[in-house]
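The structure appears right after this line, and notes come after that.
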Amino acid sequence: MTKDSVQVGLVGLGFIGKIHAHAYQAIPYCFGNGQVQANLRALLRTHVGSDAELLRSLGSPFETAQPQEFIDQDLDMVDVCSPNYLHPQHVMLALEKGKHVYCEKPLAANLTQARALAQAAEKAGVLTHSAFTMRYYPAAQQAKSILASGILGEIYNFRAYLFHNSYMDPQRPTSWRLQKDISGGGALTDLGVHNIDMVRYLLGDAKWVQCRTRTFITQRPKSAGSTEMVPVDVDDWALCMLEMENGARGSVETTRMSGGITDTSRIQIFGSEGSLEINFLNPLQVSLYDRKHAQTTVGPTDFPLADGQRPLKNIYPPAKLSMGTFIDTHFASIMDFLHCIQENKPSPAGFSESLKVQEILEAAYLSADRNGETIALPLV
Ligand SMILES: NC(=O)c1ccc[n+]([C@@H]2O[C@H](COP(=O)([O-])OP(=O)(O)OC[C@H]3O[C@@H](n4cnc5c(N)ncnc54)[C@H](O)[C@@H]3O)[C@@H](O)[C@H]2O)c1
Numbered sequence: 000m001t002k003d004s005v006q007v008g009l010v011g012l013g014f015i016g017k018i019h020a021h022a023y024q025a026i027p028y029c030f031g032n033g034q035v036q037a038n039l040r041a042l043l044r045t046h047v048g049s050d051a052e053l054l055r056s057l058g059s060p061f062e063t064a065q066p067q068e069f070i071d072q073d074l075d076m077v078d079v080c081s082p083n084y085l086h087p088q089h090v091m092l093a094l095e096k097g098k099h100v101y102c103e104k105p106l107a108a109n110l111t112q113a114r115a116l117a118q119a120a121e122k123a124g125v126l127t128h129s130a131f132t133m134r135y136y137p138a139a140q141q142a143k144s145i146l147a148s149g150i151l152g153e154i155y156n157f158r159a160y161l162f163h164n165s166y167m168d169p170q171r172p173t174s175w176r177l178q179k180d181i182s183g184g185g186a187l188t189d190l191g192v193h194n195i196d197m198v199r200y201l202l203g204d205a206k207w208v209q210c211r212t213r214t215f216i217t218q219r220p221k222s223a224g225s226t227e228m229v230p231v232d233v234d235d236w237a238l239c240m241l242e243m244e245n246g247a248r249g250s251v252e253t254t255r256m257s258g259g260i261t262d263t264s265r266i267q268i269f270g271s272e273g274s275l276e277i278n279f280l281n282p283l284q285v286s287l288y289d290r291k292h293a294q295t296t297v298g299p300t301d302f303p304l305a306d307g308q309r310p311l312k313n314i315y316p317p318a319k320l321s322m323g324t325f326i327d328t329h330f331a332s333i334m335d336f337l338h339c340i341q342e343n344k345p346s347p348a349g350f351s352e353s354l355k356v357q358e359i360l361e362a363a364y365l366s367a368d369r370n371g372e373t374i375a376l377p378l379v
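Quick note, the sequence shown lines up with residues 0 to 379 if you use numbering that gives the first Met the number 0.
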């Protein structure tokens, strides 16, 4: 690390790799003098030579398809944006060289792989961070503070959902996301994982999970326009019921087949003294009902930060420099980790957190395979 700049190696420049690259580039616009910066130094990817304009705008980082050549660059941290089944090999590549690791969700395609990565990271003594970016919505951080204050009393129940319509078209061809052996699962693994993390982030660990899943479109074209069909073996829809260690029970529902609803997520938490709601379409404001005053407040709250939270004003783009909520939250998650590296301090979203999420995912699929049987956590 040069004085204030973390040297980053990025793996994968697909959809999310580009969002991360954009975030690194935007840091000096949003946070100038005196704040930690990042330098995108190297890129490991399959399509070397493509995206020429984009790469020029990113300062022409060194690019290669050879893992060894990539990791031999002078890097402080590796940012893994490859498909899920490649996370283990790319995370290990970084750990073996003692680099800090930022990894997209889920940590791996199954619990065995995730455990091995979390253990290897611990042994390597490096800092880790998982891209659970919903934690970085301002409304989510306000909700965390409200819950930490205890104002909602005993938490009774909760409901979280995330609805996408990204796979409605039966002619949409297959991809790595639709093959269980490489993705680890479908809608629940890809999208529901965010809400599983949010429920843990807000309410603590889970005691058990029950789950049912459905695959509505069971085969898809092998490639765009092809008449050859290949099977889909992952869930299009999943409904989990969870009981948390604090006694609260609730549901996490996820679909990629919600016609007419593009990208909608809500979390509602109900307690003996009030309730709150995060509507991710209204990312800056939490809705809080306080029974004592029989009053609902919608807007930013000024509860003290919950333990371990970095003030958003230090990591979230200022309002007039917003790049849109999706990028802003990825930006804030990355900034949080860059600060952790600068301070040599563990991240609140390290691999030990993503390991717990992966464990709930695995237990949920086990439950679905057994017709909704209750699966106790932690898994042995
Ligand atoms: N946190 C979020 O909001 C969010 C959103 C989308 C995706 N993701 C996660 O990001 C990861 C990537 O998803 P995506 O949508 O960008 O997928 P994608 O298919 O668009 O991109 C994957 C990239 O990885 C590259 N790649 C493939 N094999 C490689 C290899 N051997 N070495 C180096 N690069 C390789 C591909 O060339 C491609 O550029 C997944 O884990 C996904 O779950 C997270």
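In this text, a Cβ means the ideal position worked out from N, Cα and C, and glycines have one as well.
Proximity of the segment 153 to 167 to the segment 252 to 260 meets the contact definition, three or more beta-carbon pairs being nearer than 8 Å.
Boundaries cannot be given for methionine 256, as no beta strand (DSSP E) includes it and DSSP labels it neither H nor E. Counting only runs of 4 or more residues that sit fully inside the segment 33 to 119, the alpha helix (DSSP H) segments are 51 to 56, 66 to 70 and 86 to 95, in chain order. Counting only runs of at least 4 residues, the segment 123 to 207 fully encloses the following alpha helix (DSSP H) elements, listed from N- to C-terminal order: 137 to 148, 179 to 182 and 192 to 202. Here glycine 371 has Gln209, Cys210 and Arg211 as same chain residues with Cβ atoms under 7 Å from its own Cβ, once five neighbours each way along the sequence are excluded. Under DSSP, proline 317 shares a beta bridge with no residue.
For arginine 309, the closest of Leu201, Ile181, Asp289 and His338 by C-alpha to C-alpha distance is His338.
Ligand 1 never approaches serine 49 closely enough for any of its heavy atoms to be under 7 Å from the residue's Cβ. Taken from the Cβ of aspartate 189, at least one heavy atom of ligand 1 lies inside 7 Å.
By the CB criterion at 8 Å, proline 303 and serine 144 fall inside the cutoff. DSSP places isoleucine 216 outside both helix and strand once states are collapsed to three, so it counts as coil. With a threshold of 7 Å, the Cβ atom of alanine 130 counts as near ligand 1, since some heavy atom of the ligand is closer than that.
Glutamate 272 places its beta carbon less than 8 Å from that of lysine 291. Taking C-beta separations shorter than 7 Å and ignoring five residues to either side along the sequence, the partners of proline 282 in its chain run Tyr136, Pro137, Ala138 and Thr324, following chain order. Between ligand 1 and the CB of arginine 44, the shortest heavy atom gap is smaller than 7 Å. By the beta-carbon neighbour count (other beta carbons within 10 angstroms, threshold 16), lysine 355 is buried.
According to the DSSP secondary-structure assignment, proline 310 is paired through a beta bridge with no residue. DSSP places valine 10 in the uninterrupted beta strand (DSSP E) bounded by 4 to 10. In terms of Cβ geometry, asparagine 83 and alanine 64 do not form a close pair [threshold 8 Å]. Your pair threonine 253 and leucine 190 checks out as a contact, with CB atoms roughly 5 Å apart and the cut at 8 Å. The three-state reading of DSSP puts phenylalanine 336 in helix, counting H, G and I together. Non-local C-beta neighbours of methionine 240 in its own chain, meaning closer than 6 Å and more than five positions away in sequence, comprise Gln209 and Ser250, ordered along the chain. A distance below 8 Å separates the beta carbons of tyrosine 23 and leucine 39. For alanine 237, the enclosing beta strand (DSSP E) stretches over residues 236 to 243. Phenylalanine 336 and valine 285 have their C-alpha atoms some 25 Å from each other. Short note on leucine 85: C-beta closer than 7 Å to some heavy atom of ligand 1. Straight-line measurement puts the Cα of threonine 296 at about 37 Å from the Cα of asparagine 32. By alpha-carbon distance to histidine 46, the top candidate from Asp78, Gly11 and Gln72 is Gly11. If you draw a straight line from the Cα of serine 346 to the Cα of methionine 197, it comes to about 16 Å.
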